[in-house]
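According to the numbering used here, the sequence shown holds residues 28 to 330 in order.
Quick reminder that beta carbons are idealized off the backbone N, C-alpha and C, glycines included.
In what follows, a structure is listed as structure tokens, so that the remarks can point back to it.
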Amino acid sequence: VADELNTQALLLQTKVQETDKTAATAAITSAVFGEATSTDDLTAGKFLGETANRAAACAAAAVGKSILGDFYCLCTGTGSEDTDCGSGYSSTNGATSITFGKTQLTSLTDTCPKANDAPITALEIATAIAEFSATLTRNAAGDDAKVTLGKTTNHGCGGGVGEICVTYAAHFTVNDKKDIEAIPWVIHLRTAEKKLLAMAQAATQHSAVTTQLLAVQRQMDVAYAAALQSRLQTNQKAAESPKAAQHESHTTHEKQNKCKAAIKKTAAGCAAIDCDYDTEKNECEHKSVKETTPTGTGETSTR
28 VADELNTQAL LLQTKVQETD KTAATAAITS AVFGEATSTD DLTAGKFLGE TANRAAACAA
88 AAVGKSILGD FYCLCTGTGS EDTDCGSGYS STNGATSITF GKTQLTSLTD TCPKANDAPI
148 TALEIATAIA EFSATLTRNA AGDDAKVTLG KTTNHGCGGG VGEICVTYAA HFTVNDKKDI
208 EAIPWVIHLR TAEKKLLAMA QAATQHSAVT TQLLAVQRQM DVAYAAALQS RLQTNQKAAE
268 SPKAAQHESH TTHEKQNKCK AAIKKTAAGC AAIDCDYDTE KNECEHKSVK ETTPTGTGET
328 STR
């Protein structure tokens with residue numbers, strides 16, 4: 028039982044610390060950076076679905092490749108004054124072919140509040156997606172659905188003044204019930220959410236199995252201690268048995284001597300010192316001494 032529990036505990040620990048953790052980390056990285064593996068591997072083509080210009084990147088079918096890409100669309104306009112991310116952000120290069128690297132990323136992320144170092148949980152991801160969905164501006168017209176994030180009046184998201192936004196119209200149609208679940212970075216976050224949830228469940232199971240394993244170990248310790256104690260007691264009794272037999276023999280010998288040395292060798296005198304009276308020998312004898320004498324053919328008499 029202990030070996031089975033230990034194996035199960037190791038498998039759950041691996042699931043928590045390696046298997047699902049690695050998968051969750053990869054999914055979150057894809058959600059944030061798209062095809063880029065890190066900030067050092069960043070180019071516009073890896074985090075944006077289209078790089079011809081801002082309108083193609085932020086208002087066409089390729090939108091939603093990464094969170095960074097949508098963030099770029101919410102901050103970058105076609106002119107130097109077309110930004111809603113503060114005067115500190117100056118990478119407004121969305122009028123023509125988009126170029127983006129580590130310098131632009133630093134400028135962009137500096138407009139955000141600093142994140143804490145606490146591990147991301149499945150609940151936080153689910154909450155973030157729900158909040159994102161609630162923030163979207165929806166304007167359905169016929170078979171077309173204008174679903175926009177950011178500042179807009181006509182849902183065009185072209186990058187000019189008043190149109191710094193992202194439109195997810197390509198992911199929202201009357202016949203498509205997936206809605207935000209069709210956005211690529213949302214799909215990646217859902218994958219991460221499932222892996223983090225599996226990690227949490229495995230961690231709970233690991234704790235339960237570890238508790239069972241400790242209980243089994245305690246039972247084994249108790250059983251071992253009991254077996255050891257029983258063996259010690261058996262050895263002790265074996266050592267004491269010869270002494271007890273020797274003591275009993277010595278006691279019997281003393282009683283025999285006492286009876287033989289009796290002064291009053293009468294029935295009353297022998298009884299007074301806890302001895303039997305031998306009427307044939309007229310002497311006292313120890314009560315445990317029994318003599319067998321013939322009383323007839325095939326018969327015996329015991330006193």
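ask   = What three-state label does DSSP hand residue 193 in the structure shown?
value = strand
Proximal residues to residue 55 (C-beta, below 6 Å), its chain only, five neighbours per side dropped = 219
message = Strictly by DSSP, which residues pair up with residue 164?
response = 175
task = Helix, strand or coil for residue 116, going by three-state DSSP, please let me know.
result = coil
task = Run the CB neighbour count on residue 128, radius 10 Å, all protein chains shown included, and call it buried at 16 or more, exposed below.
result = exposed
ask   = What residues match up with residue 311 in a beta bridge as DSSP calls it?
value = 304
inquiry  = So, for residue 162: in the same chain, excluding its five sequence neighbours on each side, which residues have a beta-carbon less than 7 Å away from its beta-carbon?
reply    = 176
ask   = Considering only C-alpha positions, which residue in the set 255, 285, 214 and 186 is nearest to residue 198?
value = 214
query = Is residue 48 near the ligand GTP, going by C-beta to nearest heavy atom under 7 Å?
reply = As for the ligand GTP, it is missing from this structure, which has no ligand bound.
inquiry  = For residue 92 and residue 104, which I take to be in contact (beta-carbon distance under 8 Å), what is that distance rounded to the nearest angstrom?
reply    = With 8 Å as the limit, residue 92 and residue 104 do not qualify as a contact, their Cβ atoms being about 19 Å apart.
inquiry  = At the level of alpha carbons, what is the spacing between residue 320 and residue 288?
reply    = With a pLDDT of 44 at residue 320, under the threshold of 50, the modelled position of this residue cannot be trusted, and the question is left open.
inquiry  = Quick check: what's the CA-CA separation for residue 123 versus residue 116?
reply    = 18 Å
task = Report back the beta-carbon spacing between residue 303 and residue 291 to the nearest angstrom; my notes put them in contact at under 8 Å.
result = Their Cβ separation, rounded to whole angstroms, is 14 Å, which puts residue 303 and residue 291 out of contact at 8 Å.
task = Find out if the Cβ-Cβ distance for the pair residue 84, residue 78 is shorter than 8 Å.
result = The criterion of a C-beta distance shorter than 8 Å is satisfied by residue 84 and residue 78.
ask   = Quick one: Cα of residue 252 to Cα of residue 244, how far?
value = 12 Å
message = Could you compute how far the alpha carbon of residue 132 sits from the alpha carbon of residue 73?
response = Whole-angstrom Cα-Cα distance: 13 Å.
Alpha carbon of residue 285 to alpha carbon of residue 297, nearest angstrom = 10 Å
request  = Find the nearest neighbour of residue 150 within the set 224, 301 and 280, judged by alpha-carbon distance.
outcome  = Ranked by Cα distance from residue 150, the options 224, 301 and 280 are led by 224.
message = Which runs of the alpha helix (DSSP H) at least 4 residues long sit entirely within the region 50–115? Give them in chain order.
response = 71–74, 81–85 and 94–102
ask   = With 16 other CB atoms within 10 Å as the buried threshold, where does residue 307 fall?
value = exposed
ask   = By the 10 Å Cβ neighbour count, where 16 or more other Cβ atoms means buried, how is residue 165 classified, buried or exposed?
value = It counts as exposed.
ask   = Can you give the beta carbon distance from residue 207 to residue 160, rounded, assuming they're within the 8 Å contact cut?
value = That pair is a contact at about 5 Å.
query = Would the beta-carbon of residue 189 fall within 8 Å of that of residue 178?
reply = Against a cut-off of 8 Å, the Cβ pair of residue 178 and residue 189 comes out as a contact.
request  = Go ahead and pull the three-state DSSP assignment for residue 148.
outcome  = coil
request  = Taking only the alpha-carbon atoms, compute the straight-line gap between residue 183 and residue 50 and give it to the nearest angstrom.
outcome  = 36 Å
request  = Give me the Cα-Cα distance between residue 312 and residue 283, rounded to the nearest whole angstrom.
outcome  = 7 Å
inquiry  = Less than 6 Å between C-beta atoms, sequence neighbours within five positions excluded: which residues of the same chain meet that for residue 61?
reply    = 73, 74, 92 and 93
inquiry  = Nearest by alpha-carbon distance to residue 138: which of 101, 247 and 217 is it?
reply    = 101
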